[in-house]
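Please read the structure below before turning to the comments.
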Amino acid sequence: MSGAVPVLEARGLVKEFPGVRALDGASIACGAGHVHALVGENGAGKSTMVRILTGNESADAGEVLLDGQVVRFGGPREALAAGVTAVYQELTVLPAMSVLDNVMLGQERTRRRVLDNRERRRVAREALGRVGLGDVDLGRRAEDLSLASRQLIEIARALARETRVLILDEPTAVLAGEALESIHRVVRSVAAEGIAVIYISHLLEEVRELADQVTVLRDGKDVSTGPIAAYDVPKMVREMVGRDVDSVFPDPAPHGEEVVMSVAGLRPRGDDGPGLDFELHAGEIVGLAGLLGSGRTRLLRTFAGDGGRSGGKIAVGGREVRAGLHAAIDAGVVLVPEERKVEGLALGLPVRANVTLASIAGIARGGWLDRRREKRAYEEERERLGIRASGPEQLTGQLSGGNQQKVVLAKWLRTRPRVLLLDEPTRGIDVGAKAEIYALIRELAAQGMAVVFASSDLTEVVGLSQRVLVCRDGQVVGRLEREDVDPEGIMHMAFGTGAAA
């Protein structure tokens, strides 16, 4: 920042919650026109720092400075009034409201106590133009727009407030391809206008591409900060986890010969294509690759009995399985969904209840829930999967993303499945937790479980899979054995620019 006074700075922040010190003297400084990345494992203190910077929490010690002057925000309204705005991964765009109403939410323009629609439209149109949505219909309902466009509407809302500091928390966690690049373009454009940007992401290559500077948090402390040119991905990983992650992907063991699941002429509902023939072996790990909307998730859900079929058959252990979730689960086929917070967990229930949610019959006694058995089940899974929680009574919604994913896995693993289906198994999870999930998948496969996973992380697909199916336009267009798997070949198939194998 060449000696310039930072627009926003935090010095020595300390914040304690019951049983944990979330921040332990953490600092960060961001200058006008700079993109400053804030990275760290889940639980490192990033979210707590953002809550303090935006007035949602008060620090127990330390100070926040705006333009070099100490400020004490009494709440988020004061932070917004000072020009500090955050856009979170969990979108606050209201689906049933118009684009105009969403952009102007909380900052309505009035004249003589009546809404000034001309001014509202002018401000909204200008803000939307700055994020590349200048031509969008202001009257269109937000739910009719793509996820990327809704994310851009969130940013436009912040810009309409004349924001000076924009904090983006995992803005691209659920985006890929052109949608992801559209967010990147806006971040660069916003910084070029002189706005200070604090950018939080688990995607370290993205951080390398976008950021000017980086601060690494670990255990509530800022352990490293400096220009991004001084950080490659391995260095960021070392700083984040306090050690080298030498082998993120464990060496695969050869799979067995037994065919656990076979599909013949399988066509998901609404598909009029040729149908898929496929065999899955005991101990095999198969990756589903493809662009966003390529059909990989639909295929995975069809394997799980969700969504119905237009044709074809699925057999597990040589026995045909009729369509339907319950039939698939009874046959030993289970799905860990992408949206774990919505489809995988009851966030308001304690960890012990979520762990046993799919296997309640196994812990019931005489038709009644046995709490001792339930807690014993939690302890077994905590030890097996390394679930980090304060205890069985902690609410699941309070856990980090990585630990929530482990709870979903524990829930289904207690049903003793033969086939484990995973949709984006490490999305929103830090690098340390990713390595743990990969090791667990390898361990389960070594024990004979068959695994099929869909992922938009190409490194993950290449590193974990023994075989890859590439999807495009709802069809499997390529099949690659491990020795033939390479990122370039997968992308050619995904884009349709190379011959399918």
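FYI, in this note's numbering the residues of the sequence shown are 34 to 534. Cβ coordinates follow ideal geometry from the N, Cα and C atoms, glycine included.
Counting the other Cβ atoms within 10 Å of the Cβ of Gly88 gives 16 or more, which makes it buried.
In the structure shown, Thr143 falls within a strand segment according to DSSP collapsed to helix, strand and coil.
Listed in chain order, the non-local C-beta contacts of Ile347 below 6 Å within the same chain comprise Val296, Val354, local neighbours out to five positions each way being set aside.
Unbroken alpha helix (DSSP H) stretches of 4 residues or longer found wholly inside the segment 449-521: 464-479, 491-497, given in chain order. Residues of the same chain with a CB within less than 6 Å of the CB of Ser343, apart from the 5 flanking positions on each side, are Arg300, Arg302, Asp304 in chain order.
Put simply, the backbone Cα of Leu402 is about 22 Å away from that of Ser423. The Cβ-Cβ distance between Gly116 and Leu46 does not fall below 7 Å.
The alpha-carbon of Lys439 is positioned some 12 Å away from that of Ala468. Note on geometry: alpha-carbon atoms of Leu442 and Val369 lie some 7 Å from one another.
Counting along the chain, the unbroken beta strand (DSSP E) around Asp202 starts and ends at 198-202. Excluding residues up to 5 positions away in sequence, Leu378, Ala379, Thr429, Val440, Lys444 lie with their Cβ nearer than 7 Å to the Cβ of Asn387 in the same chain.
Phe106 counts as buried, since no fewer than 16 other beta carbons sit within 10 angstroms of its beta carbon. Two segments are said to touch when three or more pairs of C-beta atoms, one from each, lie closer than 8 Å; by this definition the segment 310-321 touches the segment 471-489. For the pair of segments examined, the segment 66-78 was found to touch the segment 230-246: the number of CB pairs separated by less than 8 Å reaches three.
Ranked by Cα distance from Val120, the first of Glu152, Thr81, Leu185 is Leu185.
Within the same chain, no residue comes within 7 Å of Glu412 by CB-CB distance, once the 5 residues on both sides are set aside. Around Leu133, the same chain offers Ala157, Leu171 as residues with beta carbons nearer than 6 Å, after the five sequence neighbours per side are excluded. In the structure shown, Val47 falls within a strand segment according to DSSP collapsed to helix, strand and coil. Boundaries of the alpha helix (DSSP H) harbouring Lys408: 404-418, taken from the DSSP string. As a beta-bridge residue in DSSP terms, His314 pairs with Val292.
Taking all protein chains shown into account, Asn436 has 16 or more neighbouring C-beta atoms within 10 Å of its C-beta and is therefore buried. For Lys79, the closest of Ile200, Leu250, Val38 by C-alpha to C-alpha distance is Leu250. Pro109 sits in a helix when the DSSP states are folded into three classes.
In the structure shown, the three-state DSSP call for Thr330 is helix. Val83: not part of any beta strand (DSSP E); member of the alpha helix (DSSP H) spanning 79-86, first to last residue. Each residue's CA atom was taken as its position, placing Gly73 and Arg146 some 46 Å apart. A residue is called buried once 16 or more other Cβ atoms fall within 10 Å of its Cβ, and Leu148, having fewer, is exposed.
In this structure the segment 211-220 touches the segment 159-169; the number of beta carbon pairs closer than 8 Å is three or more. CA-to-CA, the gap between Gly328 and Gly507 works out to about 4 Å.
Burial of Asp339 is indicated by the presence of at least 16 other C-beta atoms within 10 angstroms of its C-beta. DSSP places Leu71 in the uninterrupted beta strand (DSSP E) bounded by 68-72. With a beta-carbon spacing of about 7 Å, Met526 and Arg505 fall inside the 8 Å limit used to define contacts. In the structure shown, the three-state DSSP call for Pro301 is strand. Ala244 is classed as buried because its beta carbon has at least 16 other beta carbons within 10 Å across all chains shown. For Ala160, the closest of Met137, Ala175, Leu178 by C-alpha to C-alpha distance is Met137.
Met82 and Arg417 have their C-alpha atoms spaced approximately 32 Å apart.
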